[in-house]
Ligand code: SAH
Ligand code: SF4
Ligand code: F3S
């Protein structure tokens with residue numbers, strides 16, 4: 044029998060676009076008494092798609108579920124609850140999720156008590172929300188990015204009141220501190236420093252799915268990192284869609300550079316962050332990175348295009364020359380820094396000349412890695428309405444040409460470490476060859492090397508013997524020259 048909706052609230056992209064500068068309330072997470080242990084005996088499985096922001100959200104949902112008494116399983120057939128934490132960034136990301144939903148329907152036929160939920164960025168789009176409602180009636184639970192802290196209540200309604208729940212807010216309400224977190228790793232941790240994005244790059248759905256830019260209080264961030272250090276964590280990655288805008292919405296004068304300088308004083312061996320926006324990356328941040336310490340010499344700085352005309356149409360707020368000047372300065376103050384980027388090809392109206400400008404910038408910038416994408420129109424964003432008459436075959440061709448150049452950069456970036464001794468935080472056995480250990484260097488290069496399992500979770504010296512495009516090969520030990 045079809046269940047009725049209990050809680051029901053639909054999203055609106057139009058609402059999500061609004062930016063009203065009211066103060067953001069910061070509250071502490073609490074558990075309603077009646078939810079205590081109601082998940083006892085039940086098993087959950089969370090499937091995470093998309094960016095690190097989603098991975099961090101999944102860790103919070105897992106934390107809430109554990110507190111409710113649920114236990115984790117990695118087997119679908121065993122699960123009482125399956126949650127899909129989704130990504131809306133490109134069409135293929137969404138198609139994967141729809142494929143998965145079709146497949147999970149069968150599972151539900153075999154196990155009618157299975158509770159299926161969809162959350163994250165996709166339900167924030169009204170198109171997807173309506174599609175789920177109409178075409179996927181077997182989905183019990185739909186919520187978005189702004190209300191993961193209410194997961195316990197939603198499950199309670201879905202299980203005990205036997206209602207369907209679909210509640211997606213377009214407007215972010217509060218910053219909720221103290222949500223229980225079950226972290227996926229015990230040595231590396233995500234730390235959100237801010238939520239949302241106000242940049243409105245014309246191709247991008249994120250400002251709509253994640254709402255307005257809002258920063259956590261510095262004390263909350265610093266305390267979290269201090270606690271992680273005490274628990275033996277070796278590395279934190281600070282998360283925000285545009286970390287360089289951190290602090291702009293705070294009542295006091297406190298910037299991203301201030302945060303980095305304060306984090307340098309905390310005994311956590313490694314601090315990374317993502318993602319930076321070239322327009323907001325300021326000198327103070329470059330100088331902070333230059334002081335080194337636990338701030339790692341790697342920066343992911345998405346450029347998107349090398350053509351000023353396209354950059355303008357993308358609303359990126361910098362020119363190719365300005366971008367190159369930023370990275371010149373970075374290299375001057377942070378010698379040896381590794382710089383990686385994101386690039387979109389086939390943006391509406393991209394000519395051969397524009398594409399050549401991107402290749403030209405790539406050669407000058409000497410990136411050591413890049414994520415490359417073909418433009419994917421996202422309904423509700425300005426670029427989705429731009430005239431786009433470029434042959435898809437040409438877009439593919441451009442992507443291939445671009446990737447060849449990008450791969451040269453990966454190899455060049457790895458080659459510079461041949462014969463050197465580098466510090467590697469050991470993650471565990473290599474997926475491809477379980478006889479080897481694997482981990483990342485300070486410059487964020489992947490290294491494989493033979494070694495004892497005792498080294499897992501530690502930072503060790505590794506001498507690099509050979510560089511390949513996607514990884515380095517080394518041996519433990521050696522002395523620094
Ligand atoms: N806030 C981050 C991450 C955004 S999503 C940032 O600003 O860099 C990661 C990357 O996906 C972007 O950098 C961009 O290169 C790509 N991307 C975003 N929207 C896209 C779209 N509609 N089509 C293709 N690629 C897109
Ligand atoms: Fe999207 Fe631009 Fe914001 Fe990044 S900075 S999340 S690309 S709008
Ligand atoms: Fe995707 Fe949402 Fe992250 S759209 S990239 S999961 S912010």
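Numbering (our numbering), first residue to last: 44 to 524. Note that beta-carbon positions come from the ideal geometry of N, C-alpha and C, so glycine has one too.
Quiz item: DSSP three-state call for residue 267: helix, strand or coil?
Solution: In this structure, residue 267 counts as helix in the three-state DSSP scheme.
CB of residue 99 within 8 Å of CB of residue 367, strictly: Not closer than 8 Å, so no.
Review point. Closest to residue 373 by CA distance: which of 463, 214 and 326 is it?
Key: For residue 373, the nearest C-alpha among the options comes from 326.
Query raised in the report: In chain order, what residues have a CB nearer than 6 Å to some heavy atom of the ligand SF4?
Result: Every residue with a CB closer than 6 Å to a heavy atom of the ligand SF4 is listed here in chain order: 240, 242, 243, 244, 247, 249, 250, 284, 285 and 320.
**OP:** Pull up the DSSP beta-bridge partners for residue 518, would you.
**Re:** The partner list for residue 518 (beta bridge, DSSP) reads 506.
For this session: Go ahead and pull the three-state DSSP assignment for residue 357.
Result: DSSP places residue 357 in coil when its eight states are reduced to three.
Checklist entry - Roughly how many whole angstroms lie between the Cα atoms of residue 523 and residue 489? => result Note that residue 523 scores 48 on pLDDT, short of 50, meaning its location in the model is unreliable and no value can be drawn from it.
| task | Determine the direct distance from the alpha carbon of residue 277 to that of residue 455, and round the result to whole angstroms. | result | Distance between the alpha carbons of residue 455 and residue 277: 28 Å.
- Query: Tell me which same chain residues have a C-beta within less than 6 Å of the C-beta of residue 123, skipping the five on either side of it?
  - Reply: Once the five neighbours on either side are set aside, the close Cβ partners of residue 123 are 85 and 86.
- Could you check the C-alpha separation between residue 55 and residue 380 for me, to the nearest Å? Rounded to the nearest angstrom, the two C-alpha atoms are 42 Å apart.
* For the alpha helix (DSSP H) containing residue 396, list its first residue and its last residue. => Unbroken alpha helix (DSSP H) run through residue 396: 395-408.
ask   = Can you tell me the Cα-Cα spacing of residue 498 and residue 491, whole angstroms?
value = Distance between residue 498 and residue 491, taken at the CA atoms: about 13 Å.
From the DSSP output, read off the bridge partner residues of residue 347.
Answer is 386, bridged to residue 347.
>> Using a Cβ-based criterion (distance less than 7 Å to any ligand heavy atom), does residue 132 qualify as near the ligand F3S?
In response: Indeed, a heavy atom of the ligand F3S lies less than 7 Å from the Cβ.
Report task. Determine the burial state of residue 153: buried for a count of at least 16 other Cβ atoms within 10 Å of its Cβ, exposed for fewer. Result -> It counts as exposed.
For this session: List the DSSP bridge partners of residue 338.
Result: The beta-bridge partner set that DSSP reports for residue 338 consists of 314.
Subject >> Local Cβ density within 10 Å of residue 436, reported as buried at 16 or more and exposed below that >> reply: That one is exposed.
(message) Could you give the first and the last residue of the continuous alpha helix (DSSP H) run that contains residue 330?
(response) 326-333 is the extent of the alpha helix (DSSP H) around residue 330.
query: In or out: residue 89 buried (at least 16 other Cβ within 10 Å) or exposed?
result: Within 10 angstroms of the beta-carbon of residue 89 lie 16 or more other beta-carbons, which makes it buried.
Q | Straight-line Cα distance separating residue 255 from residue 240 | A | Their Cα atoms are separated by approximately 5 Å.
Q. How about residue 134 and residue 419: are their beta carbons less than 8 Å apart?
A. With respect to the 8 Å criterion, residue 134 and residue 419 are classified as neighbours on the basis of their beta carbons.
beta-carbon residue 94 near the ligand F3S non-hydrogen atom, thresh 7 Å
Judged by the Cβ position, residue 94 qualifies as a neighbour of the ligand F3S at the 7 Å threshold, a heavy atom of the ligand being closer than this.
*Beta-carbon separation (whole angstroms), residue 220 vs residue 263, contact threshold 8 Å*: Yes, residue 220 and residue 263 are in contact; Cβ-Cβ is about 5 Å, under 8 Å.
8 Å Cβ shell around residue 334 - same chain, five flanking residues per side excluded: These residues qualify, in order along the chain: 304 and 307.
**Asked** Should residue 200 go down as buried or exposed, given a rule of 16 or more other Cβ atoms within 10 Å for buried?
**Response** By the Cβ neighbour-count rule, residue 200 is buried, with 16 or more other Cβ atoms within 10 Å of its own.
* Round the Cβ separation of residue 246 and residue 357 to the nearest angstrom and send it over; I've been treating them as touching at under 8 Å. => The pair is a contact, with the Cβ atoms about 6 Å apart (cut-off 8 Å).
In the DSSP assignment, find the unbroken alpha helix (DSSP H) run with residue 145 in it and report its ends. Under the DSSP assignment, residue 145 falls in the alpha helix (DSSP H) whose first and last residues are 134-153.
Tell me whether residue 430 is buried or exposed, calling it buried when 16 or more other Cβ atoms sit within 10 Å of its Cβ.
Flag for residue 430 reads exposed.
Determine the extent of the beta strand (DSSP E) in which residue 470 is found, giving its start and end residues. Counting along the chain, residue 470 sits inside the beta strand (DSSP E) bounded by residues 464-472.
**Study point:** Option nearest residue 248 by Cα separation, candidates 102, 171, 388 and 465
**Key:** Considering only alpha carbons, the answer is 171.
- Task: Run through the region 207-238 for me and flag every whole beta strand (DSSP E) of 3 or more residues, listed as ranges in chain order.
- Result: If we require 3 residues or more, the beta strand (DSSP E) runs fully inside the region 207-238 come out as 207-210, 217-220 and 231-235.
Unbroken alpha helix (DSSP H) runs of length 4 or more, entirely within the region 59-107: which are they? Secondary structure remark: continuous alpha helix (DSSP H) runs of at least 4 residues inside the region 59-107: none found.
query: Any contact of the region 48-63 with the region 100-115, i.e. 3+ C-beta pairs under 8 Å?
result: The region 48-63 makes no contact with the region 100-115, as fewer than three CB pairs between them are under 8 Å.
Look at the Cβ atom of residue 319, then the Cβ atom of residue 293, and state whether they are nearer than 8 Å. Not closer than 8 Å, so no.
Starting from residue 163, trace the alpha helix (DSSP H) both ways and give me its first and last residue. Residue 163 -> not in any alpha helix (DSSP H); beta strand (DSSP E) instead, spanning 158-163.
Three-way DSSP call (helix, strand, coil) for residue 524 in this model: A caution first: residue 524 carries a pLDDT of 41, below 50, which makes its placement in the model unreliable, though a value can still be read off. Coil, per DSSP.
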